[in-house]
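Numbering (our numbering), first residue to last: 8 to 225. Below: the structure, in structure tokens.
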Amino acid sequence: MIKIQQFTFNPFQENTYVLYDESKECVIIDPGCYEPHEQEELAQFIANKELNPVILALTHSHIDHVLGSHFICNRFKLKPQIHRLDLETLRNVKNYAHVYGFSGYQPSPEPEIFLKEENPFTFGNSTLEIRFVPGHAPGHIVFISHADKFVINGDCIFYGSIGRTDLPGGDHQTLLSSIRNALFSLPDDYKVYTGHGIPTTIGFEKENNPFLQEELES
8 MIKIQQFTFN PFQENTYVLY DESKECVIID PGCYEPHEQE ELAQFIANKE LNPVILALTH
68 SHIDHVLGSH FICNRFKLKP QIHRLDLETL RNVKNYAHVY GFSGYQPSPE PEIFLKEENP
128 FTFGNSTLEI RFVPGHAPGH IVFISHADKF VINGDCIFYG SIGRTDLPGG DHQTLLSSIR
188 NALFSLPDDY KVYTGHGIPT TIGFEKENNP FLQEELES
């Protein structure tokens, strides 16, 4: 069984996740830890649980989700694994970090492994399916555990909302299509862990998300 630890970091209130199972291997997803105390909070949790980080994965590469990528690489010797179509997004962060007040941003190392839909990844005794969900970012992906019925969803969908599409590489209709095809094809009881805010479920969003209600009615 996969256990999930959520942290909320940086001024964007971004959710970083550590997934681990009984093997003690863990995956770090979307490290938003920018301030030293945030980085140490994450590292201390891993140390206290005696976990072994084996994968650093990104749902997408916007600044709020990669602020701690350099730290994770230095501390745990892990380079980020992303979808190839998000590489340019990752590279561009250093060009605008100062605009958001992150003058101390240290660029993320570049990935050596690119994640693909057809290649689920494993850690310990667990497997996560990868689904491609562009629209918020060109290479956005989500991670799904069918055994434990959850999705690590990044900024694709939120409780009662969806990700913004006015950033470079974003497209509103593409995002709606991604949600409808890649997420709403999952069972209603799957829990959705979001990149910001509180978790939701597939069933709740099908019934209540106003952006998707408009899509379903059109």
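The beta-carbon is built from N, C-alpha and C at its ideal position, and this holds for glycine as well.
Hey, residue i and residue j: beta-carbon distance below 8 Å or not?
{"i": "residue 89", "j": "residue 35", "result": "no"}
{"i": "residue 115", "j": "residue 87", "result": "yes"}
{"i": "residue 142", "j": "residue 202", "result": "no"}
{"i": "residue 190", "j": "residue 169", "result": "no"}
Output the boundary residues of the alpha helix (DSSP H) element that contains residue i.
{"i": "residue 154", "result": "From DSSP, residue 154 is part of no alpha helix (DSSP H); its letter is neither H nor E."}
{"i": "residue 103", "result": "94–103"}
Any C-beta of chain D sitting closer than 8 Å to the C-beta of residue i?
{"i": "residue 168", "result": "Any reference to chain D falls outside this structure, which holds one protein chain only."}
Please return the same chain residues whose Cβ sits closer than 8 Å to the Cβ of residue i, not counting the five positions on each side in sequence.
{"i": "residue 17", "result": "39, 40, 41, 42, 45, 71, 74"}
{"i": "residue 100", "result": "68, 69, 70, 73, 112, 114, 115"}
{"i": "residue 183", "result": "142, 169, 218, 219, 222"}
{"i": "residue 208", "result": "195, 196, 197, 198, 199"}
{"i": "residue 109", "result": "41, 70, 74"}
Taking just the CA atoms, how far does residue j sit from residue i?
{"i": "residue 152", "j": "residue 26", "result": "11 Å"}
{"i": "residue 124", "j": "residue 48", "result": "32 Å"}
{"i": "residue 135", "j": "residue 122", "result": "11 Å"}
{"i": "residue 155", "j": "residue 192", "result": "16 Å"}
{"i": "residue 148", "j": "residue 8", "result": "22 Å"}
{"i": "residue 60", "j": "residue 84", "result": "9 Å"}
{"i": "residue 166", "j": "residue 212", "result": "7 Å"}
{"i": "residue 62", "j": "residue 179", "result": "30 Å"}
{"i": "residue 195", "j": "residue 82", "result": "38 Å"}
{"i": "residue 66", "j": "residue 107", "result": "21 Å"}
{"i": "residue 94", "j": "residue 210", "result": "32 Å"}
Which first and last residues belong to the beta strand (DSSP E) in which residue i is found?
{"i": "residue 13", "result": "10–16"}
{"i": "residue 118", "result": "Here residue 118 belongs to no beta strand (DSSP E), and DSSP marks it neither H nor E."}
{"i": "residue 21", "result": "21–27"}
{"i": "residue 181", "result": "First-last for residue 181: 179–185, but that is the alpha helix (DSSP H), not the beta strand (DSSP E)."}
{"i": "residue 48", "result": "From DSSP, residue 48 is part of no beta strand (DSSP E) but of the alpha helix (DSSP H) over 43–55."}
{"i": "residue 32", "result": "32–36"}
Would you mind sorting residue i into buried or exposed? The rule is 16 or more other CB atoms within 10 Å of its CB.
{"i": "residue 174", "result": "exposed"}
{"i": "residue 54", "result": "exposed"}
{"i": "residue 159", "result": "buried"}
Leaving out five residues before and five after residue i in sequence, what residues of the same chain have Cβ atoms less than 7 Å from its Cβ?
{"i": "residue 181", "result": "141, 142"}
{"i": "residue 172", "result": "142, 143, 178, 179, 182"}
{"i": "residue 176", "result": "96, 144, 145"}
{"i": "residue 104", "result": "70, 112"}
{"i": "residue 138", "result": "124, 148, 149, 151, 189"}
Got a sec? Which residues, its chain only, sit under 6 Å from residue i by beta carbon, not counting five neighbours each side?
{"i": "residue 131", "result": "28, 30, 32"}
{"i": "residue 118", "result": "86, 87, 88, 89"}
{"i": "residue 15", "result": "22"}
{"i": "residue 129", "result": "none"}
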